[in-house]
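Participant: The structure is given below, and queries will be raised subsequently.
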Amino acid sequence: MKKLLYVALLMVSGSSWAGSDLETSGDVLHLLLPATAMGATLFYEDGYDGSWQLIQAAVSSRLIVEGLKYGVSKDRPDDSGDDSFPSGHTSDSFMAATFIQQRYGWQYGLPAYVAASYVGYTRVASDQHYLEDVLAGAAIGALAGWYFTQPYEGITLTPIAGNGVYGLYVSGQF
Numbered sequence: 074m075k076k077l078l079y080v081a082l083l084m085v086s087g088s089s090w091a092g093s094d095l096e097t098s099g100d101v102l103h104l105l106l107p108a109t110a111m112g113a114t115l116f117y118e119d120g121y122d123g124s125w126q127l128i129q130a131a132v133s134s135r136l137i138v139e140g141l142k143y144g145v146s147k148d149r150p151d152d153s154g155d156d157s158f159p160s161g162h163t164s165d166s167f168m169a170a171t172f173i174q175q176r177y178g179w180q181y182g183l184p185a186y187v188a189a190s191y192v193g194y195t196r197v198a199s200d201q202h203y204l205e206d207v208l209a210g211a212a213i214g215a216l217a218g219w220y221f222t223q224p225y226e227g228i229t230l231t232p233i234a235g236n237g238v239y240g241l242y243v244s245g246q247f
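The sequence shown maps to residues 74 to 247 in this note's numbering.
This is the structure:
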């Protein structure tokens, strides 16, 4: 797992993607969250099942994001392009955080959600996205993570909201 994190850090440190330290920190976390999720599947020797669930969540999330970016022409706040909606960085980050939480529990999921939220914050604060772009990206990523991820062991709690119904879905392997 350490090697995987070092590779991700080297990839980020060797490039100049962002215009500010704030944006760069969000870019780094955007890469580290999915890398950490994949690393967790290796650490827990959860190889095939965990990796396959992560890949399904990541690909579906990214396909939805790219389809919306293509279909919805929305200018970025800094006028650098017309692909503001939704935020891919935030979608990727929330997908990874949700995978971590669903698969391995809240003790790992909570810090991952904090990091994913910070990524969303950096996208708005660096004028790459509007708040609604980030919220849509977070929802897409979280939904993809919830849909494709089964708990590794123990009990998983999933919030449910829709059609006037709100609740908590409890699942697990007994």
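Don't be surprised by glycine CBs; every beta carbon is placed ideally from N, CA and C.
1. Once the 5 residues before and after residue 207 are set aside, which same chain residues still bring their CB inside 7 Å of it?
2. Can you give the Cα-Cα distance for residue 115 and residue 99, rounded to whole angstroms?
3. Output the distance between the C-alpha atoms of residue 202 and residue 135, rounded to the nearest integer angstrom.
4. Anyone know if the C-beta pair for residue 155 and residue 146 falls short of 7 Å?
5. Apart from the five residues just before and just after residue 210, which ones in its own chain have a Cβ nearer than 6 Å to its Cβ?
6. Cβ atoms of residue 167 and residue 110: under 7 Å apart, would you say?
7. Throw me the rounded Cβ distance for the residue 188 and residue 95 pair, which I believe falls under 8 Å.
8. Have a look at residue 132 and residue 221 and give me their C-alpha separation to the nearest angstrom.
9. Under a three-way DSSP split, which group does residue 235 fall into?
10. Can you tell me where the alpha helix (DSSP H) with residue 149 in it begins and where it stops?
11. So is residue 213 buried or exposed if we call it buried at 16+ other beta carbons inside 10 Å?
12. Measure the alpha-carbon distance for residue 179 versus residue 137 and round it to whole angstroms.
13. Buried or exposed for residue 234, going by 16 or more other Cβ atoms inside 10 Å?
14. Can you tell me whether DSSP reads residue 100 as helix, strand or coil?
15. Is the Cβ-Cβ distance between residue 218 and residue 108 less than 7 Å?
Facilitator: Looking at the atomic coordinates:
1. In the sequence shown, counting from the first residue as 1, residue 207 sits at position 134. For residue 207, where only same-chain residues beyond five positions count, the Cβ hits under 7 Å are 160, 163, 193, 196, 197.
2. Taking the sequence shown and counting its residues from 1, one reaches residue 115 at position 42. Taking the sequence shown and counting its residues from 1, one reaches residue 99 at position 26. Taking the Cα positions, residue 115 is about 25 Å away from residue 99.
3. Along the sequence shown, read from residue 1 onward, the residue named residue 202 stands at position 129. Along the sequence shown, read from residue 1 onward, the residue named residue 135 stands at position 62. Going by the C-alpha atoms only, they are around 17 Å apart.
4. Taking the sequence shown and counting its residues from 1, the one referred to as residue 155 is at position 82. Taking the sequence shown and counting its residues from 1, the one referred to as residue 146 is at position 73. Yes, they are a contact pair.
5. By 1-based counting over the sequence shown, the position of residue 210 is 137. Result list for residue 210: 159, 160, 163, 164, in chain order.
6. Position 37 of the sequence shown holds residue 110. Position 94 of the sequence shown holds residue 167. For the pair residue 110 and residue 167, the CB atoms are not nearer than the 7 Å cut-off.
7. One-based indexing of the sequence shown puts residue 188 at position 115. One-based indexing of the sequence shown puts residue 95 at position 22. That pair is no contact at about 14 Å.
8. In the sequence shown, residue 132 corresponds to position 59, counting from 1. In the sequence shown, residue 221 corresponds to position 148, counting from 1. When rounded, the distance between both Cα atoms is 11 Å.
9. Translated into the one-based positions of the sequence shown, residue 235 becomes position 162. Strand at residue 235.
10. The count along the sequence shown starts at 1 and reaches residue 149 at position 76. DSSP places residue 149 outside any alpha helix (DSSP H), giving it a letter other than H or E.
11. Translated into the one-based positions of the sequence shown, residue 213 becomes position 140. Residue 213 is buried by the Cβ-count criterion.
12. The residue given as residue 179 occupies position 106 in the sequence shown. The residue given as residue 137 occupies position 64 in the sequence shown. Distance between the alpha carbons of residue 179 and residue 137: 26 Å.
13. As a working note, residue 234 is residue 161 in the sequence shown. Residue 234 sits exposed, since fewer than 16 C-beta atoms from the chains shown fall within 10 Å of its C-beta.
14. As a first step, residue 100 must be located in the sequence shown, where it is residue number 27. Three-state DSSP puts residue 100 in a helix.
15. Reading the sequence shown from its first residue, position 145 is the one you call residue 218. Reading the sequence shown from its first residue, position 35 is the one you call residue 108. No.
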